[in-house]
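Participant:
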Amino acid sequence: MLGINFNTVDLMSKALDASELRNEVISNNIANVDTPGFKRSDVNFESILNDAINSNKLAGFVTDKNHIPINSTSIDNIEPQIVQDNSTSMRLDGNNVDIDVEMSNLAKNQLYYDALAQRVSGELNSLLTAIKDGGN
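82 is the number that my numbering gives to position 96 of the sequence shown; each next residue is one higher, with no gaps.
(1) Just the Cα atoms here: how many angstroms apart are Lys0 and Leu78?
(2) If distances are taken between C-alpha atoms only, which option among Lys118, Glu65, Ser107 and Ala116 comes closest to Val(-5)?
(3) Comparing C-alpha positions only, which one of Met76, Ser33, Arg105 and Gln104 sits nearest to Pro22?
(4) Should Pro66 and Ala4 be called a contact, given that it needs their Cβ atoms to be closer than 8 Å?
(5) Considering only residues of the same chain and omitting the five flanking positions on each side of Asn91, which have a CB-CB separation below 6 Å?
(6) Can you tell me whether DSSP reads Ser58 as helix, strand or coil?
(7) Extract the residue ranges of the beta strand (DSSP E) inside the region -10 to 37, only unbroken runs of 3 or more that lie entirely within it.
(8) Would you mind stating whether Val83 and Phe24 have Cβ atoms separated by less than 8 Å?
(9) Taking 6 Å as the limit between beta carbons, can you name the residues of its chain near Val19, skipping five residues before and five after?
(10) Ala93 and Leu2: beta carbons closer than 8 Å?
(11) With DSSP as the reference, identify every bridge partner of Ile64, one or two as the case may be.
And the structure:
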């Protein structure tokens, strides 16, 4: 049996999508740094995923059709959410975008995305290796 869990790859793919969405949201925040009244947004994904894991809402991994399925919620039901921060104002004009924070968040998100992409690539390379070696 291969050591590849496709649920894990699917989950990492969801995290990549959330990271891509976060990049768009942060870029929008940066683009509106000088827009009066603009309120920054962020992407909520990790806490949604953490809640699903901690409450056992994720479906268990079944390796055989005769296995009893564990839980019923699939990874497909976990989606990132864009949330707007209306609680603060950085300036008198009501804008709450701090360019230094946003640039830091952008760099952090890029590192997160790159790490996830490397991990997905590693999982898929493991599968490719198993397929190639299986023919020998």
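Glycine is no exception: its CB is placed at the ideal position from the N, C-alpha and C atoms.
Note that the coordinates shown come from a computational prediction; the quantities given were computed from them, not determined experimentally.
Facilitator: This is what the structure gives:
(1) Locating residue 0 in the sequence shown gives position 14, where the first residue counts as 1. Locating residue 78 in the sequence shown gives position 92, where the first residue counts as 1. Taking the straight line joining both Cα atoms gives about 38 Å.
(2) Residue numbering aside, residue -5 sits at position 9 when the sequence shown is read from its first letter. Comparing Cα positions, the closest option is Ser107.
(3) In the sequence shown, counting from the first residue as 1, residue 22 sits at position 36. Nearest C-alpha to Pro22: Met76.
(4) Stepping through the sequence shown from its first residue, residue 66 is reached at position 80. Stepping through the sequence shown from its first residue, residue 4 is reached at position 18. Closer than 8 Å, so yes.
(5) Start at 1 with the first residue of the sequence shown, and residue 91 comes out as number 105. Once the five neighbours on either side are set aside, the close Cβ partners of Asn91 are Ile12.
(6) Residue 58 sits at position 72 when you count from the first residue of the sequence shown. Caution applies to Ser58, whose pLDDT of 49 falls short of 50 and renders its modelled position unreliable; the value that the coordinates give is listed next. If DSSP states are grouped into helix, strand and coil, Ser58 belongs with coil.
(7) 27 to 30
(8) For the purposes of this step, residue 83 is identified with residue 97 of the sequence shown, where counting begins at 1. For the purposes of this step, residue 24 is identified with residue 38 of the sequence shown, where counting begins at 1. The answer is yes: Cβ separation under 8 Å.
(9) Along the sequence shown, read from residue 1 onward, the residue named residue 19 stands at position 33. Answer for Val19: Val83 and Ile85, listed in chain order.
(10) Translated into positions along the sequence shown, residue 93 becomes position 107. Translated into positions along the sequence shown, residue 2 becomes position 16. No, these two residues do not count as a Cβ contact at 8 Å.
(11) Here the question's residue 64 lines up with position 78 in the sequence shown. According to DSSP, which records beta bridges pairwise, Ile64 is partnered with nothing at all.
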